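Colleague: Here it is, the structure, as structure tokens.
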Amino acid sequence: MPEGHSVHRIARQFERHFQGVPVAVSSPQGRFAPGAAQLDGHRIVRAMAVGKQMFLEFDHGLWLRVHLGIYGAWDFAGDITAGGTGEASTASIGAPRLTRLRMSEQEQLAPDIQSFPPEPIGAVRVRLLTEAAVADLRGPTACEVQTADEVAASIAKLGPDPLEVDATEGEEQFVAVVGRKPTPIALLLMDQAVLSGIGNVYRAELLFRARLNPFTPGRELADGVVRELWRDWTHLLRIGVETGRMYTMDDEDSGEERPEHWVYKRDGLPCLVCGTNVVMEELGGRKLYWCPVDQA
DNA sequence: CATCGATGTTGAG
DNA sequence: TCAACCTCGATGG
């Protein structure tokens, strides 16, 4: 479920609380026991997010690759901080508070844990445990140990992630690929081999913000329009990573009663710009929302 | 309390 | 094209 911004935030949590210290790796559920044994006791030296995938590098050269899929989630607990760079630690001067934070497409604080480490809840595929913090992974689509070469191969299959690649190179690559595809732009934006990290919410919102017809073939779009899509995705992704929310309306301070999004999940409701009813259609097995007038 | 559907991807057919 | 993966909040009876 999470789109790219969440994965960057999760990687940030690992950098902040798990990097540089020995990590006990286990698989309470059992399904990942062999992989856990390969990593157990080593230190995490790097956490990297590329699109919707996260890669944790350990000090002996092996990596953990995780993709949350549609309902995977990380639960962090212990002496941890929640959220963005500017937020203060929850640890007080005295005993650390035992915060519990669930990170999936949404982030939510759960009631503090009573003892550390807490018992695993449900089917925990992998548990990463340090002296101060614990991370439990549940329901992922992918969770595997990789060599550095395998990591490189995984990343090579992915289109550019604006926060991971050189901005100019990423933009040029995206423009070049879109420019030769007959595929509807709505499908290209969701194609992780073309551009990394966009999911169904950001897809619909980016297309509306650009006032683009979702069915326009990539190669029929002017380069400038495609560049603007890249730049807007970069913009929205940055906001998402900093806030933990999928802000797409650029006016957080306007009325409290405003909808969260321009068109996503607003089929049958009036377009916020022109009043025409937003429509929904299945495309490539996913629901696509757009305004038939503003995005004609 | 049962059922549905989801911000995703893979792989079978 | 569609089921499977196997979680969990929202919805309805």
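Residue numbers (my numbering): 4 to 299. Don't be surprised by glycine CBs; every beta carbon is placed ideally from N, CA and C. Bear in mind that the values here come from a model prediction, so they are computed numbers and not experimental data.
When you compare each of 287, 294, 288 and 286 to residue 264 by their alpha carbons, which one comes out closest?
Modeller: 294
Colleague: Where does residue 239 fall in DSSP's three states?
Modeller: Reduced to three states, the DSSP call for residue 239 is helix.
Colleague: Buried or exposed for residue 124, going by 16 or more other Cβ atoms inside 10 Å?
Modeller: exposed
Colleague: Using the three-state DSSP reduction, which class does residue 270 fall into: helix, strand or coil?
Modeller: In the structure shown, residue 270 sits in a strand (DSSP, three-state: E or B).
Colleague: Keeping to the same chain, check which residues put their C-beta closer than 7 Å to that of residue 269; ignore five residues upstream and five downstream.
Modeller: 262, 281 and 292
Colleague: Can you tell me which of the three DSSP states residue 147 falls into?
Modeller: Strand, per DSSP.
Colleague: Count the C-beta pairs between the stretch 68-80 and the stretch 131-144 that are closer than 8 Å, then say yes if the count reaches three, no if not.
Modeller: yes
Colleague: Starting from residue 110, trace the alpha helix (DSSP H) in both directions and tell me its first and last residue.
Modeller: For residue 110, no alpha helix (DSSP H) run applies; the uninterrupted beta strand (DSSP E) run containing it begins and ends at 110-113, by DSSP.
Colleague: Ignore the nearest five residues each way along the sequence and tell me which others in residue 80's own chain have a CB closer than 6 Å to its CB.
Modeller: 103, 116, 121 and 137
Colleague: Do the CB positions of residue 201 and residue 236 come within less than 8 Å of each other?
Modeller: yes
Colleague: Which full runs of the alpha helix (DSSP H) of 4+ residues lie inside the stretch 132-206, going along the chain?
Modeller: As far as the stretch 132-206 is concerned, its whole alpha helix (DSSP H) runs of at least 4 residues are 151-159, 170-182 and 188-193.
Colleague: Look up residue 261 in the DSSP assignment and say whether it is helix, strand or coil.
Modeller: coil
Colleague: Would you please state the rounded distance, in angstroms, between the beta carbons of residue 57 and residue 10? I believe it to be under 8 Å.
Modeller: 5 Å
Colleague: Contact defined as beta carbons within less than 8 Å: I believe residue 6 pairs with residue 204. What is the distance between those atoms, to the nearest angstrom?
Modeller: 6 Å
Colleague: Which residues share a DSSP beta bridge with residue 102?
Modeller: Residue 102 is bridged to 81.
Colleague: Just to confirm my understanding: we take residue 39, look at its own chain, exclude 5 residues before and 5 after, and list those with CB closer than 7 Å. What are they?
Modeller: 28, 29, 30 and 129
Colleague: Give me the residue from 193, 297, 77 and 180 with the minimum Cα distance to residue 273.
Modeller: 297
Colleague: Out of curiosity, what's the CA-to-CA distance linking residue 207 and residue 195?
Modeller: 15 Å
Colleague: So, at 8 Å on beta carbons, what are the nonlocal neighbours of residue 186 in its own chain, with the 5 sequence-adjacent residues on each side left out?
Modeller: 194, 220 and 221
Colleague: Please name the residue in 109, 126 and 199 whose C-alpha comes closest to that of residue 35.
Modeller: 126
Colleague: Could you give the DSSP three-state label for residue 90: helix, strand or coil?
Modeller: Because the pLDDT at residue 90 is just 46, under 50, the model does not fix this residue reliably, and the value given afterwards should be weighed accordingly. Here residue 90 sits in coil by DSSP.
Colleague: What residue does the beta strand (DSSP E) around residue 47 start on, and which one ends it?
Modeller: 47-53
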